[in-house]
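One structure is given here, and the rest of the page talks about it.
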Amino acid sequence: MATQTGSVANLSAVSRIFKGKTGTVHALDNISFDLKAGKTLALVGESGSGKTTAARVLLGLDQPNSGLIEVLGRNLGSLKYEELRLLRREIQVVQQDPFSQLNRRHSVERIVSSPLLAFDIGDKESRREQVIELLQAVGLEKEHLNRRPHELSGGQCQRVAIARALAVNPKIVVLDEAVSALDVSVRAQVLNLLREIQITRGLTYLFITHDLGVAHYMADEIAVMFRGRIVERGDRDDIFKKPRHHYTTGLLSSVPLASPTAEKRISEQDQSLPSPVADDSCNYRSRCAVGLGRDDCKSVPLQITQGSDTHSWLCHSPIERS
Ligand SMILES: Nc1ncnc2c1ncn2[C@@H]1O[C@H](COP(=O)(O)OP(=O)(O)OP(=O)(O)O)[C@@H](O)[C@H]1O
Ligand SMILES: [Mg+2]
3 MATQTGSVAN LSAVSRIFKG KTGTVHALDN ISFDLKAGKT LALVGESGSG KTTAARVLLG
63 LDQPNSGLIE VLGRNLGSLK YEELRLLRRE IQVVQQDPFS QLNRRHSVER IVSSPLLAFD
123 IGDKESRREQ VIELLQAVGL EKEHLNRRPH ELSGGQCQRV AIARALAVNP KIVVLDEAVS
183 ALDVSVRAQV LNLLREIQIT RGLTYLFITH DLGVAHYMAD EIAVMFRGRI VERGDRDDIF
243 KKPRHHYTTG LLSSVPLASP TAEKRISEQD QSLPSPVADD SCNYRSRCAV GLGRDDCKSV
303 PLQITQGSDT HSWLCHSPIE RS
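Residues 3 to 324 in our numbering are what the sequence shown lists, from first letter to last.
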C-alpha cells in the first residue's frame, strides 16, 4: 500500500500482543494512524493505553503481530537490518527522563555527536562544528560541550537529547513524554523550542503525552488511546470542541486549554487499570455511563465511524453534536 499523500508515516491495522505469566495483553489492538508532513499528531491516553508501544513499532524497535507500518514509503516489515538502520536516520526519538536517556559518563559533545559517528558523517572537526550549531539551535552554548549530564539541569539535559535527535537531520521525531519530567516553566520553554524547531526544520512530530494542556498546545491532530485502541481521532478542534467519545469527554473535563504550563493529568484512578482484553466490542463500556446500560455496547463489534474527513470515533452511542 502506498503512503498516503502528504503523509510521512502510517500504521495500518497494527496489533501488538504481549504474552506473559499474568496473561495476554493487547497493547495495540488494530490501530491505524498517519503522520502528516510538517505536522504534529498527539497520542494521548492513560498509562498502559499503548502509546509507547505504538511509538516503538513505528521506530522499528518492536515488531507488531499484524498490520503494516510504513515510514517514508518504506514498509518496515520488509526491510533488512541494514535498511532499517539507515531508515533510522529519518526517524529519531526523545524520551521522557532527561537524565537516564543520556550516558552520564559522556560529555555533551560525545552524546550529541554519537548519531553522526554511527552514520559515519563528517570528521572530528566537522562533527564538532555541527554539534556547536545543534547546541545553539536548542538554546545551549559552546561552553556546554564538555559538560556531563549531571552538570546540567533537567531542561538542559532535555535540550541535549533534542540536539542529539536532530543531529542526523531526521524528518520525523517521536517525542515520548519528552517534557513530562520537566518543571512547569522549563516545560513551556522546551515546548516553544520544539515548535520553533519544527517550523525551521520542517519536522513531523509524533507527540506522546499524558497532559492534555500540552496536547492542545502542540498538536494539529490528536488520537485518543484507550486500552490499545484509538477510540477517537481528529483535528485538535474536533477533539477539544466536538468530542464524540465518552472517554474523550471524561479526559477533557477541566482541561485548562491553550496552556502548556497548566497541567491536566489523567487521574490516578485511571492509571490503575487492568490490561487490555481482546474483545471486538467496546472495552470502555464498564466505565461508560451510557454503555453500561446498552446491550450493543457489550455484544456488537465496534467499527470506526468516520464523521468527517478529519474526525472519527469508535463508539456505538457517541455524544450527539448538532
Ligand atoms: N515488553 C512488554 N512485555 C509485556 N507487556 C508489555 C511490554 N511493553 C508494554 N507492555 C504492556 O502493554 C501495555 C501498553 O504499554 P505502553 O508502555 O505502550 O503504555 P503507555 O500508554 O506508553 O503507558 P505510560 O503512559 O505509562 O507510558 C501495558 O499493559 C504494558 O504493561
Ligand atoms: Mg509510555
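Note that the Cβ used here is the ideal one computed from N, Cα and C, for glycine as well.
query: Short Cβ contact (9 Å threshold) for Val10 with Lys38; result: yes
query: Runs of alpha helix (DSSP H) wholly within the stretch 150-182 (minimum 4 residues, chain order); result: 156-168
query: Span of the alpha helix (DSSP H), counted from its first residue to its last, around Val140; result: Segment: none, Val140 is in no alpha helix (DSSP H) and carries neither H nor E.
query: Rounded straight-line distance, which links the Cα of Asp297 to that of Leu74; result: 43 Å
query: Ranges of the alpha helix (DSSP H) found wholly within the stretch 4-69, counting only runs of at least 4; result: 53-60
query: Under 9 Å between C-beta atoms of Ile210 and Ala44; result: yes
query: Cβ neighbour criterion (16 or more within 10 Å) applied to Gly293; result: buried
query: Beta-carbon proximity of Gly317 to Val233, cut-off 9 Å; result: Position check: residue 317 holds Cys in this sequence, whereas Gly was assumed. Their beta carbons are under 9 Å apart, which means Cys317 touches Val233 by this criterion.
query: beta-carbon Asp178 near ligand 3 non-hydrogen atom, thresh 8 Å; result: Absence of ligand 3 from the depicted structure is noted, with ligand 1 and ligand 2 being the only ligands included.
query: Close-in-space but distant-in-sequence residues of the same chain around Leu81 (CB under 8 Å, 5 per side omitted); result: Gly62, Leu89
query: With 16 other Cβ atoms within 10 Å as the buried cut-off, status of Ser314; result: buried
query: Cα-Cα separation, Ser128 to Glu198; result: 25 Å
query: Check whether Asn67 and Phe35 have beta carbons under 9 Å apart; result: no
query: Meets three-Cβ-pair contact criterion under 8 Å: the stretch 119-135 and the stretch 149-157; result: no
query: Beta bridge counterpart(s) of Tyr207 as assigned by DSSP; result: Thr42, Val175
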